[in-house]
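Reviewing the structure listed below.
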Amino acid sequence: MGNSKGGKSEFRYFVPGGTIKAVEDPSKIDNLALLLGKFSPFREKKEKVEANFSVLRDALKKVEITENAINAYKRFLNDYLMLLKSLNARMGVLQSQSRLVVGLGDESVYEVSIRLLRNYGIPYIPGSAVKGVTRAWAVYMMAELLDGYGEFEKDFFKRAGKIDEMLGKGNAEAFPEKVEISGLSKHLKEFLKVFSENPNKGTVDARRIAETLMKIFGTTEKMGEVVFFDALPSPAEEPPKKPEDLSFLRVILEFDIMNPHYGPYYSEGKPPGDWYSPVPVILLTVAKGTPFLFAVARSSTAKEDLTEKAWTLMKLALKYHGVGAKTALGYGRFE
9 MGNSKGGKSE FRYFVPGGTI KAVEDPSKID NLALLLGKFS PFREKKEKVE
59 ANFSVLRDAL KKVEITENAI NAYKRFLNDY LMLLKSLNAR MGVLQSQSRL
109 VVGLGDESVY EVSIRLLRNY GIPYIPGSAV KGVTRAWAVY MMAELLDGYG
159 EFEKDFFKRA GKIDEMLGKG NAEAFPEKVE ISGLSKHLKE FLKVFSENPN
209 KGTVDARRIA ETLMKIFGTT EKMGEVVFFD ALPSPAEEPP KKPEDLSFLR
259 VILEFDIMNP HYGPYYSEGK PPGDWYSPVP VILLTVAKGT PFLFAVARSS
309 TAKEDLTEKA WTLMKLALKY HGVGAKTALG YGRFE
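By this note's numbering, the letter at position 68 of the sequence shown is numbered 76, and the numbering carries on one by one without gaps.
Here is the structure:
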């Protein structure tokens, strides 16, 4: 354990003494993932040792991606774009319309976390998260479509859960071939359009839609026919030519705050009440207005090309639902 180099400090670092001597200024560590995971500042307060993003914020004042990290990421991004093109991936750049929080619950020495590329310290969105939110939004749309139909649950979330289970098991026969529709929401109309279903004709083939969704996302017995790739910060689909093309990465991260009011209810099982004192939690987020490159591609075992349908579904899910944590509060939206 040691202090930061240069004398007394309120912050402590539980690392070998040689590391303290080698690192003159923690804020100059190029790899933010390394800094957060292996060189976390601690603070002694009231005979307790604190380690959270509040301590990190006070220790670093601000979090910036260094020029060295950006240059290393630039080379990685070039290779990544070449890979996507070699796979004939459908890709495009979408811009965040709100702050983004991915990996909030990842294992961390802090109360909360953030998902970063291990070797570069740059935030990204895992392909599994992109696929997951796209599928979840599709399930919600199917639940809206089948509202009040046949044996499906009246409660929306129970109905969505049942549909999720049916799609996972590949049980297409359980979906009706003919569903009468009227008064559709804007979201549902856009969803049906992906499958060339015309709402004006008054009926929709829900079974055909379900079969397509099973092909795209797969089932418990069969892999999906579309691959969803990690989404990386990028201003364009082409490799960046000038250093300033990636200058937005320097300030891509911002501190934000959660203000939970019912801590004793969640952690100690006490009654939920408004008499508890809120305990603010500091977290790191990706700034609003950040461009990300998203991509999908046909899998090597696919029998038909469903990438355009998957791409459109993904864009709608990112626009209306969002990806990552706190989406109910508007976080993680893209257009």
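Every residue, glycine too, gets a C-beta built ideally from N, C-alpha and C.
Could you give the distance in angstroms between the alpha-carbon of F164 and the alpha-carbon of E152? Each residue's alpha carbon lies about 8 angstroms from the other.
Supposed close pair A305, L95 - CB separation, criterion 8 angstroms: With 8 angstroms as the limit, A305 and L95 qualify as a contact, their Cβ atoms being about 5 angstroms apart.
So if DSSP puts V235 in a beta bridge, which residue, or which two residues, is it bridged to? A305
Once you ignore the five residues that flank G15 on each side, which residues in its own chain have a CB closer than 7 angstroms to its CB? Confidence in G15 is poor, its pLDDT being 46 and thus under 50, which makes the residue's placement unreliable; the coordinate value appears in the next sentence. Within the same chain, and ignoring the five residues on either side of G15 in sequence, no residue has its Cβ closer than 7 angstroms to its Cβ.
Under the three-state reduction of DSSP, which class applies to I78: helix, strand or coil? helix
Beta-carbon proximity list for A180, same chain, < 7 angstroms, skipping 5 on both sides: R215, A218, E219, M222
Assuming M99 and F256 make a contact with CB atoms under 8 angstroms, what is their CB distance in whole Å? The pair is not a contact, with the Cβ atoms about 19 angstroms apart (cut-off 8 angstroms).
Output yes or no for whether 7 angstroms exceeds the beta carbon distance between Y128 and A80. yes
Can you have a look at P202 and say buried or exposed, based on whether 16 or more other CB atoms are within 10 angstroms of its CB? Here residue 202 turns out to be Val, not Pro, going by the sequence shown. So V202 counts as buried.
Rounded Cβ spacing between D114 and R107 (contact assumed at less than 8 angstroms): With 8 angstroms as the limit, D114 and R107 do not qualify as a contact, their Cβ atoms being about 17 angstroms apart.
For G226, which residues does DSSP report across the bridge? M231
Assuming K311 contacts F225 under a Cβ cut-off of 8 angstroms, what Cβ separation, rounded to an integer in Å, is found between them? Contact doesn't hold; Cβ gap of about 15 angstroms is too wide.
Could you check if T298 is buried or exposed, using at least 16 other CB atoms within 10 Å of its CB as the buried criterion? By the neighbour-count criterion, in which 16 or more other beta carbons inside 10 Å mark a residue as buried, T298 falls on the buried side.
Got a sec, what are the start and stop residues for the alpha helix (DSSP H) V202 sits in? Under the DSSP assignment, V202 falls in the alpha helix (DSSP H) whose first and last residues are 194–202.
Whole-angstrom Cβ separation of K177 and T228, contact assumed at under 8 angstroms? 6 angstroms
Over what stretch of residues does the alpha helix (DSSP H) that includes I171 continue unbroken? Run containing I171: 164–177, per the alpha helix (DSSP H) assignment.
Are R126 and A41 touching if we call contact CB-CB under 7 angstroms? Judged by beta-carbon spacing, A41 lies within the 7 angstroms limit of R126, meaning their Cβ atoms are closer than that value.
Consult DSSP for R143 and reduce its assignment to one of helix, strand or coil. helix
Since L254 contacts P248 with CB under 8 angstroms, what's their CB separation in whole angstroms? 5 angstroms
Closer than 6 angstroms by C-beta to G111: which residues in its own chain qualify, once you throw out the five before and the five after it? Chain order, please. S121, I122, R123
Measure the alpha-carbon distance for S193 versus I260 and round it to whole angstroms. 35 angstroms
What's the call for T315, buried or exposed, on a 16-neighbour Cβ count within 10 Å? buried
Within the continuous alpha helix (DSSP H) that includes L262, where are the two ends? Note on identity: in this sequence residue 262 is Glu, with Leu being the wrong assignment. No alpha helix (DSSP H) holds E262; the beta strand (DSSP E) holding it covers 261–266.
Residue burial classification, W283 (beta-carbon count within 10 angstroms, cutoff 16): exposed
G100 - containing beta strand (DSSP E), residue span: 98–103
Alpha-carbon spacing of E75 relative to L292, whole angstroms: 20 angstroms
Could you say which of R167, M322, E252 lies nearest to E343 if we only look at CA atoms? M322
Would V109 and Y339 qualify as a contact pair, given that the criterion is a beta-carbon distance under 7 angstroms? yes
Going by the beta-carbon positions, is the gap between F300 and L102 smaller than 7 angstroms? Their beta carbons are under 7 angstroms apart, which means F300 touches L102 by this criterion.
Just to confirm, is the Cβ distance from D213 to E185 under 7 angstroms? yes
To the nearest angstrom, how far is the alpha carbon of V289 from that of I73? Straight-line Cα distance between these residues: approximately 23 angstroms.
Count the other CB atoms within 10 Å of the CB of V287; is the residue buried (16 or more) or exposed (fewer)? The residue in question, V287, is exposed, as its Cβ has fewer than 16 Cβ neighbours within 10 Å.
In the structure shown, what three-state DSSP assignment does K323 receive? helix
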